[in-house]
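Residue numbers (our numbering), protein chains in the order written: chain A, 4 to 328; chain B, 1030 to 1262; chain C, 60 to 561.
C-beta: ideal position from N, C-alpha, C; glycine also.
These numbers were taken from a predicted model, which means no experiment stands behind them.
Below, the structure written as structure tokens:
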């Protein structure tokens, strides 16, 4: 009896015990580690050169990563956090849990990058995505006035959700709460992450979904389905830069540095366009795949991290208040 | 010798006073109407009820500080004398020591006691597998192995039919009285008193009177008892 | 009996329920936001609607069950007790299969050319709560009907008096408020239902807002304040329930029907059978769909399912052991303090409880290594009120029957526990253990906040699969949860009664 119990416990604890190579733990968002995401390819490529065990831990969508890290504090097992975005940098830095990267990368971003703690790994424009034969409003105002339905993400847990709130802030400023109130009846539901929202959209729960200008490329390239479109909005499109950073309390600082360097190499960047369906932070030698850029916004909206810092909480609260009525 | 020294017991609004002595080795019936305080008195002696004032003394020793289980007393209740989940043997063994795994000699003593009350061979039966009379016998067997000098019985055979009851009273006399135990038996039936008891303590209207010989009490009952006994008296 | 363990248990429970708020409140400050008050209003609104509808619809169903005899009636009454053991997340899955976008109802509506309905939002939450609580309400009210002595019905029949105003209405007046308050309180702390069926900030319960504050924003003090708000509402509801004195959950005597001389007409018969039929359909269809989809999904079970099942079982067993120890200690203690401590977890936010505990231990151990034990502890507290409710009267009866004999034999302390009390309580202990392990097996709870890789329990695995829209696999896991929960309940309940004294 005792032996059975001990054996049972050993099996349950097995993942913790079975390790001889050094382990690099990367905390990231759900869709990054899914079988169709970049995770598997990145893991294979990095493990081939590092002689280590790269382990991804998925914890919801991007913004939830930060909360998870705050909860775990310095006791976290994560060595690298991958999947925050520029809008979260200020809050992430304030936790004091991250270490400077000490690198001087050369990047292909539409904006200047000089952050000493976080390194971008990809970027993209947020966009409302719909079907070719479905409703196609040309602005948030028009969407609010129509009866088209949309699924959005929660700005507290998801970087697209936060991006949308700041998009509204950048485009409408003081008027944003009124637009949110007008949008309330178009919003079918608010999901905690991008994966849930996009799945609901694909299942037909809504006409539209908050995603990226590059989302139709996935259907076109991976599924040969040209039925999806990113809708160009008159207000312009908000830019997202996704970043990674080293956790200060890591027990593998060299390995973490090595991972960040690898992150900006072709082995990582080359798989980003067709697995994460985002623009790579460093354009790989092979360039972007055919049909990747189905829609390029005319106007880019972007709030630098220091401008976002004072805006983030009030604009999320305004969003919550408008939608809770 | 049991001495109740200015004992005053309270149960709710009811009060009972007792100031009396019972010589060692005597069997005594507590006789009186329902609600007169018989069971209250027994509970006070057994230690289930804390006295308001006065003392319970056994051979000159104050029993007050002792919990029921440590008094020199065995108790037989009206019912629930056996734990339903234990075998007859286990129930009897509990009279020796709080254990469910008796040592060899404890088993032997318990078996012996069961045999003496006529339950040889029924050691492993549970109470539900015993008749009412057999249950009473098993309880008596436990009192036997306890070997305590004072035995309190609260209408112990009340649930049995008349023939069985008489049989049990005979058995009780045979195994306990011969052992020179002091017995206090609550009963409302003067026939029980006549069958078992040498002396009677009349308990009525919140007062326990001093013990008197059974024959004398039944021949000339005091007023409180006479009203209860009706024309029999 | 020694009182010390009881005091320790009471202090422990109160400390866990209330003390865990302190480390959270210390982390930061800031008041409740407008949206938090909206969550508060939504919580109360949905609980009022859920309780009102559950009780309102249970009346005709219970009346029909009380006065009709038909084959399968006993089975139906037994089944009414099952949703309490049903893992909430599995129930929601079944409801989605019926009312969801691709569900039977919408398929039917679509076939008729009617617009589809969405289950997300207030009505979805209320429908789920109705599904989970209608059976409980029906049992409570049915008990009320059966508690009316048969002689009164005979008397009314001989007098040709109207049964409604004479017998039924007074009974309902005494039973309904208690049933309403009990269900209202249960719905107040709803988490899984709102998590899956709530539609954004408009349909967020306080417990869900707590989850979001912790999980999304690491806003611990906000979560603690919401938890205090939840204590306040639940305290009021509990006070209400206590004051209105609901009946016990016992099912004694529910097997018989009341013999009636009224309602013999054809219309009344048809109406009664229609109520019973509709209630059955509403309860059995989602369950049946969940099982059916689950059978289909068994082939898609993900790799991690065996490990998750093992963890779930270990958590459930650990939680059950702790529940029993705490409940026994409190039951021995008795009195108001113990009752209060035993009821406290009903109002506690299990998420705040878990988070508070984790913040306390954070400086000393890696969170991933204690996530499962903390989950088990929180599950133990969640089941405590129900276990205590079953144990207390049983213990009182054992003491009343056998206490003096045990005293007289000098059986005190541990030997009394071992020789007398525990064996006699075995059937109740078995029932309580079954209840506790089934609840823990199906509880998503704290692990949703902290479960790291390789730490998923079955409910978390199921939630993750649903989030990734792998509905077939999720249904398979759901069936596994259901089967294991029922198996644990059956094993404990049966084990408790086997060879027990009559």
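Review point. Hey, how far is the Cα of residue 102 of chain A from the Cα of residue 310 of chain A?
Key: 22 Å
Exercise for review: Give me the Cα-Cα distance between residue 556 of chain C and residue 220 of chain C, rounded to the nearest whole angstrom.
Suggested key: 45 Å
Review point. Does the Cβ-Cβ distance between residue 1059 of chain B and residue 1230 of chain B come in under 8 Å?
Key: yes
Check your understanding: Would you call the CB atoms of residue 540 of chain C and residue 252 of chain C closer than 8 Å?
Key -> no
Review point. Would DSSP call residue 392 of chain C helix, strand or coil?
Key: helix
Exercise for review: For residue 458 of chain C, count neighbouring C-beta atoms within 10 Å of its own C-beta (all shown protein chains included) and say buried if the count is 16 or more, exposed if not.
Suggested key: buried
Check your understanding: Of the residues A/243, A/322, A/227, which one's Cα is nearest the Cα of residue 306 of chain A?
Key -> A/243
**Study point:** Interfacial residues, the region 156-183 of chain A to chain C, with Cβ spacing under 9 Å
**Key:** 157, 158, 159, 160, 161
**Study point:** For residue 1232 of chain B, the three-state DSSP class (helix, strand or coil)
**Key:** strand
Review point. Listing by chain order, which chain B residues have their CB less than 7 Å from the CB of residue 474 of chain C?
Key: 1127
Practice item. From the DSSP output, in three-state form, read off residue 20 of chain A for me. Key: Its pLDDT being 43, under 50, residue 20 of chain A is placed unreliably in this model, and the coordinates cannot settle the point.
Review point. Does any heavy atom of the ligand FAD sit closer than 7 Å to the C-beta of residue 78 of chain A?
Key: The ligand FAD is absent from the structure shown, which contains no ligands of any kind.
Exercise for review: Would you mind reading off the limits of the beta strand (DSSP E) that contains residue 240 of chain A?
Suggested key: 240-250
**Study point:** residue 369 of chain C: contacting residues in chain B (beta-carbon distance under 7 Å)
**Key:** Under the 7 Å cutoff, chain B gives no residues; its nearest Cβ is about 34 Å from residue 369 of chain C.
Practice item. Kindly indicate which three-state DSSP category residue 1056 of chain B falls into: helix, strand or coil? Key: strand
Point to revise | chain C residues whose Cβ lies nearer than 7 Å to that of residue 198 of chain A | key: 526, 527
Exercise for review: Give me the Cβ distance between residue 298 of chain A and residue 233 of chain A, rounded to the nearest whole Å; I'm assuming they're in contact under 8 Å.
Suggested key: 4 Å
Exercise for review: Check whether the Cβ of residue 1071 of chain B lies closer than 8 Å to any Cβ atom in chain C.
Suggested key: no
Review point. For a contact meaning CB atoms closer than 9 Å, what does residue 552 of chain C contact in chain B?
Key: The contacting residues do not exist; residue 552 of chain C stays about 18 Å from chain B at best.
Point to revise | Closer than 8 Å to chain C by CB, residue 213 of chain A | key: no
**Study point:** Rounded separation between residue 1240 of chain B and residue 1050 of chain B - CA only
**Key:** 8 Å
Review point. Does the beta carbon of residue 1123 of chain B come closer than 8 Å to any beta carbon on chain C?
Key: yes
Practice item. Would you check if the distance between the CB atom of residue 238 of chain C and the CB atom of residue 191 of chain C is smaller than 8 Å? Key: no
Review point. If we count the other Cβ atoms within 10 Å of its Cβ and call it buried at 16 or more, is residue 309 of chain C buried or exposed?
Key: Residue confidence is low: residue 309 of chain C scores 40 on pLDDT, short of 50, so the model does not pin down where it sits. Its coordinate-derived value is still stated next. Counting Cβ neighbours within 10 Å, residue 309 of chain C comes out exposed, since fewer than 16 surround it.
**Study point:** Contact with chain C by residue 1075 of chain B, beta-carbon distance below 8 Å
**Key:** yes
Point to revise | Buried versus exposed, by CB contacts within 10 Å (16 or more), residue 307 of chain C | key: For residue 307 of chain C, the predicted model reports a pLDDT of 43, less than 50, meaning its position is unreliable and no value from the coordinates is stated.
Check your understanding: From the beta carbon of residue 1275 of chain B, is the nearest beta carbon of chain C less than 8 Å away?
Key -> Only positions 1030 to 1262 of chain B appear in this structure, which leaves residue 1275 of chain B out of reach.
Check your understanding: What residue does the alpha helix (DSSP H) around residue 23 of chain C start on, and which one ends it?
Key -> There is simply no residue 23 of chain C to check, as chain C begins at 60 and stops at 561 in what is shown.
Point to revise | Best match in C/256, C/146, C/240, C/335 for proximity to residue 110 of chain C [C-alpha to C-alpha] | key: C/240
Exercise for review: Give the DSSP bridge partners of residue 1102 of chain B, in chain order.
Suggested key: B/1179
Practice item. Could you tell me which residues DSSP puts in a beta bridge with residue 228 of chain C? Key: Per DSSP, none; premise fails for residue 228 of chain C.
Practice item. Out of C/212, C/218, C/373, C/106, state which residue places its alpha-carbon closest to the alpha-carbon of residue 547 of chain C. Key: C/373
Exercise for review: Quick one: grab the DSSP three-state call for residue 10 of chain A.
Suggested key: Here residue 10 of chain A scores only 42 on pLDDT, less than 50, and its place in the model is too uncertain to base an answer on.
Check your understanding: Applying a beta-carbon distance threshold of less than 9 Å, which residues of chain B neighbour residue 188 of chain C?
Key -> Within chain B, no residue comes near residue 188 of chain C; the closest Cβ sits about 41 Å away, beyond 9 Å.
Review point. Taking Cβ positions, are residue 322 of chain A and residue 132 of chain A nearer each other than 8 Å?
Key: no
**Study point:** Start and end residues, alpha helix (DSSP H) containing residue 221 of chain A
**Key:** 218-226
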